[in-house]
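Participant: The working numbering puts the first residue of the sequence shown at 10, with every later residue one more than the last.
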Amino acid sequence: MINETEKFSVDVIYALPKQQKIISVMVSPGTTFIEAVKQSDIVKFFPEINLEEVKLGVFSRQAKHDEVLVPGQRVEIYRPLIADPKDVRRKRAEKAKDEGRINKITGAKVN
């Protein structure tokens, strides 16, 4: 068990399609997600990160900025979606219909 005064290490992670950055920081118990991000100074590498609006998470689960970190967690910084997933799926389905890969009435795959 960790002593309440002992610092512990957390990783702050940000990934782009062709570039990733992992910064390990030592934090005190009671440190929040956003405090760890600020402490990592990751904005120096990725100035497009808006600390006021950025979505954060831990192991693919969204976390609040003021949520307190515990040992063993990592802070993931999520990028905003570029396209609406519903629109992308709709366009892909329309393309498949036009190409004859799915039935135009039922939407089922054509053998």
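No residue lacks a Cβ here, since even glycine has one placed at the ideal position from N, Cα and C.
Which same chain residues, not among the five before or five after residue 109, have their C-beta less than 7 Å away from its C-beta?
Facilitator: On the sequence shown, position 100 is the one that residue 109 refers to. Cβ neighbours of residue 109 beyond the five flanking positions: 119.
Participant: Under three-state DSSP, which class holds residue 107?
Facilitator: As a first step, residue 107 must be located in the sequence shown, where it is residue number 98. Assigned with DSSP and collapsed to three states, residue 107 falls in helix.
Participant: Indicate whether residue 85 and residue 65 have their beta-carbon atoms separated by less than 8 Å.
Facilitator: Stepping through the sequence shown from its first residue, residue 85 is reached at position 76. Stepping through the sequence shown from its first residue, residue 65 is reached at position 56. Cβ distance < 8 Å, so residue 85 and residue 65 count as in contact.
Participant: If we require 3 or more residues per run, which beta strand (DSSP E) segments fall completely within the region 64-113?
Facilitator: List check, beta strand (DSSP E) in window: 64-67, 70-72, 83-87.
Participant: Counting pairs of Cβ atoms below 8 Å between the region 47-56 and the region 98-117, do you hit three or more?
Facilitator: no
Participant: Could you tell me if residue 72 is buried or exposed, where buried requires 16 or more neighbouring beta carbons within 10 angstroms of its beta carbon?
Facilitator: Here residue 72 corresponds to residue number 63 of the sequence shown, with the count starting at 1. Its Cβ being crowded by 16 or more others within 10 Å, residue 72 is buried.
Participant: Is DSSP giving residue 45 helix, strand or coil here?
Facilitator: Taking the sequence shown and counting its residues from 1, the one referred to as residue 45 is at position 36. Residue 45 sits in a helix when the DSSP states are folded into three classes.
Participant: Around the C-beta of residue 115, are 16 or more other C-beta atoms found within 10 angstroms, so that it is buried, or is it exposed?
Facilitator: Locating residue 115 in the sequence shown gives position 106, where the first residue counts as 1. When all chains shown are included, residue 115 counts as exposed.
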